[in-house]
Amino acid sequence: MACASFTKLNAPSSQWIGQPSFAQRPGSSTRLTSRRVSLPIRAGASKDELVQTAKSIASPGRGILAIDESNATCGKRLASIGLDNTETNRQAYRQLLLTTPGLGDYISGAILFEETLYQATTDGKKFVDCLRDEKIVPGIKVDKGLVPLPGSNNESWCQGLDGLASRSAEYYKQGARFAKWRTVVSIPCGPSALAVKEAAWGLARYAAISQDNGLVPIVEPEILLDGDHPIERTLEVAEKVWSEVFYYLAQNNVIFEGILLKPSMVTPGAEHKEKASPDTIAKYTLTMLKRRVPPAVPGIMFLSGGQSEVEATLNLNAMNQSPNPWHVSFSYARALQNTVLKTWQGRPENIEAAQKALLVRAKANSLAQLGKYSAEGESEEAKKGMFVKGYTY
Ligand code: 13P
9 MACASFTKLN
19 APSSQWIGQP
29 SFAQRPGSST
39 RLTSRRVSLP
49 IRAGASKDEL
59 VQTAKSIASP
69 GRGILAIDES
79 NATCGKRLAS
89 IGLDNTETNR
99 QAYRQLLLTT
109 PGLGDYISGA
119 ILFEETLYQA
129 TTDGKKFVDC
139 LRDEKIVPGI
149 KVDKGLVPLP
159 GSNNESWCQG
169 LDGLASRSAE
179 YYKQGARFAK
189 WRTVVSIPCG
199 PSALAVKEAA
209 WGLARYAAIS
219 QDNGLVPIVE
229 PEILLDGDHP
239 IERTLEVAEK
249 VWSEVFYYLA
259 QNNVIFEGIL
269 LKPSMVTPGA
279 EHKEKASPDT
289 IAKYTLTMLK
299 RRVPPAVPGI
309 MFLSGGQSEV
319 EATLNLNAMN
329 QSPNPWHVSF
339 SYARALQNTV
349 LKTWQGRPEN
359 IEAAQKALLV
369 RAKANSLAQL
379 GKYSAEGESE
389 EAKKGMFVKG
399 YTY
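The sequence shown begins at 9 in this note's numbering and counts up one residue at a time.
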């Protein structure tokens, strides 16, 4: 239900500009059509709708399938199986994923790239309708990617706030009900106070704009796995980042019941001499969450960050061995897609097997969300790590 809403727009905009609104100036007309401020299209969703969307994504035994790779990153995935990065190949790959029968048993939301949100199957069925038929909520990546942050220690910031309100309203009209914005924090680069503040502020502005347009924001400050630091250092940085994120979320009047988080798990750096067990990772990650995340937040949907498929599932399972204040689940890209892609190889005759591979991973993570997963019988392929230094999405 996208509709124009003017009531909230008037007061804050005149306050912000620091002068009376156009309608109040002597001689000005009070008709809306004569206002000089441009009126963006705006989806007027209620708080109840946001809360309902967040709750349905955070439903027991289900999590998010992230397939929002930019065209460049999707190209890298396709290149790994010898395919060209064409729109037809990207569409074919996304069709395979989004038309997997029974996917909705384990997947509650799918994050799409803008191109995919507007695409249809080769038979002409819109991808958003394929998702709805499986009771999967369509989501959309809205950030415009990372660029160098001047004045920092070789760190980056995430672009995309310009025009975000009207883009979000359009995405809502197209069927999206949640959004994703991924920014990153690098431990080996500091992180500098500037980079952390910029990441947190950008996420908070994005979250407020998303909610104002009917989209539940996924808040994702990814703390990269890069580095040789111990797990204690990751915990320290994660606590700092999340406290700043919540500080600015509150300043921007974001409704906590209508957001989802996408944190990195608290692990040692990828190049640290010792690996941590799933129990240790679960202990540190839950410690961080309990110290920093209010129970009003409905769902914590982890990213996989370059862990192997099995590692990501085992760690999630370890976190669900006792009840948590939130729904603790997954929003994996690499850890759900790796085996699928290798099974498919771009061949039509492999589609069914590739869809089965997706269901195997989705079911494993569904069991992990319920704390009932065992890695018995997992393939060697699923145990291979996928960490890439300085990974971009
Ligand atoms: P992975 O780290 O699970 O590959 O996904 C990152 C992400 O942000 C996808 O939306």
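Glycine included, every Cβ here is placed at the ideal spot set by N, Cα and C.
(request) From the DSSP output, in three-state form, read off Ala74 for me. (result) strand
(request) Please list, in chain order, all residues of the same chain as Gln219 whose beta carbon is under 7 Å from its beta carbon, the five residues on each side excluded. (result) Leu58, Pro225, Val262, Ile263, Gly266
(request) Would you mind listing the beta strand (DSSP E) stretches within the stretch 92 to 170 that are 3+ residues and don't spill past its ends, in chain order? (result) 115 to 120, 145 to 149, 154 to 156, 164 to 166
(message) Going by C-alpha to C-alpha distance, which of Ala201, Lys181, Thr293, Pro238 sits closest to Glu163?
(response) Ala201
(message) If you follow the alpha helix (DSSP H) that Met327 is in, where does it begin and where does it stop?
(response) 317 to 327
(request) On a CA-only basis, which of Gly171, Gly110, Gly210 is nearest Asp141? Give me that one, please. (result) Gly110
(request) Starting from the C-beta of Ser374, find all residues in its chain whose C-beta is less than 6 Å away, skip the five residues before and the five after it, and write them out in chain order. (result) Gly69, Tyr114
(request) For Ser382, name the three-state secondary structure that DSSP assigns. (result) coil
(message) Could you compute how far the alpha carbon of Leu156 sits from the alpha carbon of Trp165?
(response) Just to set this straight, residue 156 is Pro in the shown sequence, not Leu. The straight-line gap from Cα to Cα measures roughly 6 Å.
(request) Would you identify the three-state DSSP class for Glu388, choosing helix, strand or coil? (result) coil
(message) Distance check for Lys133 and Leu211, CA to CA, integer angstroms please.
(response) 33 Å
(message) Does Asp3 pass the burial test, meaning 16 or more other C-beta atoms within 10 Å, or should it be called exposed?
(response) Past the boundaries of the shown model lies residue 3; the chain is included only from 9 to 401, so the question cannot be answered.
(message) Counting C-beta neighbours from all protein chains within 10 Å, is the total for Gln259 16 or more, i.e. buried, or is it exposed?
(response) exposed
(request) Whole angstroms is fine: what's the gap from Gly303's alpha carbon to Ile148's? (result) Here residue 303 is Pro; the residue named in the question, Gly, does not match the sequence. Approximately 25 Å between the Cα atoms of the pair.
(request) Check each candidate in Lys371, Trp352, Ser339 and name the one with the smallest Cα separation from Arg190. (result) Ser339
(message) Give me the DSSP bridge partner(s) of Pro229.
(response) Thr191
(request) Give a single yes or no on whether Asp76 has its beta carbon closer than 6 Å to a heavy atom of the ligand 13P. (result) yes
(request) Consider the Cβ of Ser316: report whether some Cβ of chain D lies at a distance smaller than 7 Å. (result) Structure shown: chain D not included; a single protein chain is present.
(message) Classify Val396: buried if its beta carbon has 16 or more other beta carbons within 10 angstroms, exposed otherwise.
(response) exposed
(message) So, with DSSP's three-state summary, where would you put Tyr340?
(response) strand
(request) Verify whether the separation of the beta carbon atoms of Ser337 and Gln363 is less than 7 Å. (result) no
(request) Could you tell me how far apart the beta carbons of Leu243 and Val274 are, in whole angstroms, since I believe they sit closer than 8 Å? (result) 5 Å
(message) By alpha-carbon positions, which one of Gln182, Ile231, Leu125, Thr108 ends up nearest to Glu360?
(response) Thr108
(request) Take Tyr256 as the anchor and find which of Thr293, Lys270, Arg213 has the nearest alpha-carbon. (result) Arg213
(message) Here's the rule I'm using: 16 or more other beta-carbon atoms within 10 Å means buried, otherwise exposed. How should Thr351 be labelled?
(response) buried
(request) Find out if the Cβ-Cβ distance for the pair Gly307, Leu268 is shorter than 7 Å. (result) yes
(message) Is Ala341 a contact residue of the ligand GDP, with contact defined as CB to any heavy atom under 6 Å?
(response) Among the ligands in the structure shown, the ligand GDP does not appear; only the ligand 13P can be found there.
(request) Check whether the Cβ of Ser312 sits closer than 6 Å to any heavy atom of the ligand 13P, and report yes or no. (result) yes
(message) Measuring alpha carbon to alpha carbon, tell me which residue in Ala203, Ala372, Ala343, Leu104 is nearest Ile231.
(response) Ala203
(message) Less than 8 Å between C-beta atoms, sequence neighbours within five positions excluded: which residues of the same chain meet that for Pro48?
(response) In this predicted model, Pro48 has a pLDDT of only 48, less than 50, meaning its place in the structure is not dependable; the value taken from the coordinates is given anyway. So the list reads Ala173, Ser174, Ala177, once near-sequence residues are dropped.
(message) With the cut-off set at 7 Å, would you say Ile195 and Val249 are in Cβ contact?
(response) no
(message) Looking at the ligand 13P, does it come within less than 6 Å of Ile267, judged from the CB to the closest heavy atom?
(response) no
(message) Residues in the same chain with beta-carbon distance under 7 Å from Glu279, minus the five sequence neighbours each way, listed in chain order, please.
(response) Gly235, Asp236
(request) Ignore the nearest five residues each way along the sequence and tell me which others in Gly385's own chain have a CB closer than 7 Å to its CB. (result) none
(message) Which residue wins for smallest C-alpha separation from Tyr292, given the options Ser116, Glu319, Ala326?
(response) Ala326
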